[in-house]
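For reference, the structure discussed in these notes is given below.
Numbering (full-length UniProt numbering), first residue to last: 1 to 339.
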């Protein structure tokens, strides 16, 4: 199955994850961390990538960015990887890739998930128990957002600016926000969406992102499509049998099936039923009649024969009365099997 193209929606933030190969450390000492930051700064400047939050941990990198165009993020990550991996391999006398495949990324709905993603990125060292206080970790942008330092790599997002009218108000509001417990359900949704490359947002946002990106932004339903059972159309094979069964279930009379012809082509002998004085006559040539007698009076017969069949009613009286109705011809409704 062909791999989907990288997801890009103009002016929308993306959460990015880059993992070390086989959970091995991608950073050994401060020199490695500093070089990676330098590589990221240069790549972000050259490829017009706005970085809103970042964190470097021994075995993973997380970013929150807004690409300026479709190639901005892929080219920036390629430039960082090419330069940093060459340094790391040369310094530690190794070969091959340093990362676990391609970087993972997804578009997120900013209004609902930007500040959550920013907290997930910057508080990752605390959640992974690398430090006891997030401000003690040097290799993230958290210290910038709470006012402890100025990070030239960071381009503050409008949603961060909306936290307050002054830098002090924004920094205090962001610190208070980071002190609140995470919604673990939303955090899991964010991580899974990023690892699988599906847009994270409301149904309306995903529909808009799909139209804008001109590609699928959410997974297809699992399993094979469910088969739809079709009702037999009028005149279809088996329709007459279904109609007859429905008539019998409703308490109506159903004509007996036509008896086979004799080998000589003559008329087959009739079947008689002695119950309740009822009897049925079956004639070769594609028509049958059902006669019912209960006291005196005539009951019209019912015919389920072929196109040339007809219904006839005859008087059968247990008391000897002989009045009868004249034969009445009815047209068969196509596909129903009844007259």
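The beta carbon of each residue, even a glycine, is placed where N, CA and C say it ideally should be. These numbers come from a predicted model, not from an experiment.
Using the Cβ count rule (16 or more neighbours within 10 Å means buried), how would you classify residue i?
| i | result |
| --- | --- |
| residue 13 | buried |
| residue 31 | exposed |
| residue 111 | exposed |
| residue 96 | exposed |
| residue 9 | buried |
| residue 170 | buried |
| residue 150 | exposed |
| residue 137 | buried |
| residue 152 | exposed |
| residue 165 | exposed |
| residue 92 | exposed |
| residue 194 | buried |
| residue 62 | buried |
| residue 64 | buried |
| residue 131 | exposed |
| residue 122 | buried |
| residue 125 | buried |
| residue 202 | exposed |
Can you check which of these residues, the options, is closest to residue i by C-alpha distance?
| i | options | result |
| --- | --- | --- |
| residue 33 | 139, 159 and 135 | 139 |
| residue 84 | 187, 20 and 48 | 20 |
| residue 17 | 129, 42, 38 and 56 | 56 |
| residue 24 | 60, 136 and 50 | 60 |
| residue 161 | 145, 152 and 153 | 145 |
| residue 39 | 78, 114, 64 and 98 | 78 |
| residue 36 | 213, 152, 87 and 157 | 87 |
| residue 188 | 210, 113, 141 and 173 | 113 |
| residue 163 | 209, 207, 115 and 191 | 115 |
| residue 107 | 200, 186, 100 and 204 | 200 |
| residue 26 | 82, 153 and 98 | 98 |
| residue 75 | 54, 63, 94 and 49 | 49 |
| residue 209 | 195, 109 and 167 | 109 |
| residue 129 | 66, 29 and 58 | 58 |
| residue 66 | 125, 172, 156 and 89 | 156 |
| residue 72 | 62, 51, 92 and 89 | 51 |
| residue 102 | 185, 183, 5 and 203 | 5 |
| residue 42 | 119, 125 and 154 | 154 |
| residue 15 | 197, 205, 213 and 206 | 197 |
| residue 89 | 28, 185, 44 and 172 | 28 |
| residue 182 | 118, 213, 168 and 206 | 118 |
| residue 127 | 70, 147 and 180 | 180 |
| residue 135 | 158, 159 and 175 | 175 |
Can you tell me whether residue i is helix, strand or coil according to DSSP?
| i | result |
| --- | --- |
| residue 154 | strand |
| residue 291 | Bear in mind that a pLDDT of 43 at residue 291, under 50, signals an unreliable position, so the model cannot answer this. |
| residue 50 | strand |
| residue 200 | strand |
| residue 6 | coil |
| residue 37 | helix |
| residue 167 | helix |
| residue 149 | coil |
| residue 12 | coil |
| residue 209 | helix |
| residue 173 | helix |
| residue 30 | helix |
| residue 180 | coil |
| residue 282 | Bear in mind that a pLDDT of 42 at residue 282, under 50, signals an unreliable position, so the number given afterwards is only what the model happens to contain. In this structure, residue 282 counts as strand in the three-state DSSP scheme. |
| residue 162 | coil |
| residue 24 | coil |
Would you list the residues sitting across from residue i in a DSSP beta bridge?
| i | result |
| --- | --- |
| residue 104 | 17 |
| residue 140 | 55 |
Practice item. Taking only runs that begin and end inside the segment 47-135, name each unbroken alpha helix (DSSP H) of 4 or more residues, in chain order. Key: 72-91, 110-122 and 124-127
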